[in-house]
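Participant: As numbered in my numbering, residues 14 to 144 make up the sequence shown, in order. Every residue, glycine too, gets a C-beta built ideally from N, C-alpha and C. I have a structure here, written as structure tokens, and I will follow up with some questions on it.
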Amino acid sequence: MAADRRGTAVIELALALPILTIFLFGIVSGGSWLAMSHIVQESANEGARAALAGISTSERASLASQAALQTLSRSYGIRQEEIALKVDDDGRQLTVKVAYDGSANPLLKLPIMPAATTTIRRQASVVLAGF
């Protein structure tokens, strides 16, 4: 009876497969969150960089918004209505703040894995004058 090892591979698979599946979901969910976080930060960076070409406050805000939204439009799965974009300009420093509401993104809210947060907020600042 002790030499009969038939079926042990199935039992090992039944024990290991759920754990490996949870690891896989965690990698996919965590990687998706990092990718979304990176694209939101990159859009804030591009908006701040583009604002340097503006002369007036309104022109800088317009250039920053256009550049940030254009960067986000090239990303996967981020729609413009899920973005909150704010440009703060005091004449010396310009800050572009981008917030992404990922609550509708299925990769950020897998039921097995707890999400870090579904709202990703990033900002970038540039000095306009006074080097």
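Can you pull the DSSP bridge partners for Leu-107?
Facilitator: Numbered from its first residue, the sequence shown carries residue 107 at position 94. Looking at the DSSP assignment, Leu-107 forms a beta bridge with Asp-102 and Val-139.
Participant: Check Ser-40 in the structure and name its three-state DSSP category.
Facilitator: For the purposes of this step, residue 40 is identified with residue 27 of the sequence shown, where counting begins at 1. Checking the sequence shown, residue 40 turns out to be Ile, not Ser. Three-state DSSP puts Ile-40 in a helix.
Participant: If you pair each beta-carbon of the stretch 108 to 116 with each one of the stretch 56 to 65, do three or more pairs fall below 8 Å?
Facilitator: Short answer: they touch.
Participant: List the residues that DSSP assigns as beta-bridge partners of Asp-114.
Facilitator: Position 101 of the sequence shown holds residue 114. Thr-132, per the DSSP bridge assignment.
Participant: Pull up the distance between the alpha-carbon of Leu-47 and that of Arg-18, whole angstroms please.
Facilitator: For the purposes of this step, residue 47 is taken as the residue at position 34 of the sequence shown. For the purposes of this step, residue 18 is taken as the residue at position 5 of the sequence shown. For Leu-47 and Arg-18, the distance between alpha carbons rounds to 44 Å.
Participant: Helix, strand or coil, according to DSSP, for Ile-24 in the structure here?
Facilitator: Counted from its first residue, the sequence shown places residue 24 at position 11. In the structure shown, Ile-24 sits in a helix (DSSP, three-state: H, G or I).
Participant: Am I right that Ala-63 and Ala-77 are in contact with their C-beta atoms under 8 Å? What's the rounded C-beta distance?
Facilitator: Translated into positions along the sequence shown, residue 63 becomes position 50. Translated into positions along the sequence shown, residue 77 becomes position 64. Right, the Cβ-Cβ distance comes to about 6 Å (below 8 Å), so this counts as a contact.
Participant: Take the Cβ of Pro-121 as the centre, count every other Cβ of all protein chains shown within 10 Å, and call the residue buried at 16 or more, exposed below.
Facilitator: Here residue 121 corresponds to residue number 108 of the sequence shown, with the count starting at 1. It should be pointed out that residue 121 corresponds to Leu in this sequence rather than to Pro. Label assigned to Leu-121: buried.
Participant: Could you tell me whether the Cβ atoms of Val-53 and Arg-135 are closer together than 8 Å?
Facilitator: Sequence index remark: in the sequence shown, residue 53 carries index 40 (1-based). Sequence index remark: in the sequence shown, residue 135 carries index 122 (1-based). Their beta carbons are under 8 Å apart, which means Val-53 touches Arg-135 by this criterion.
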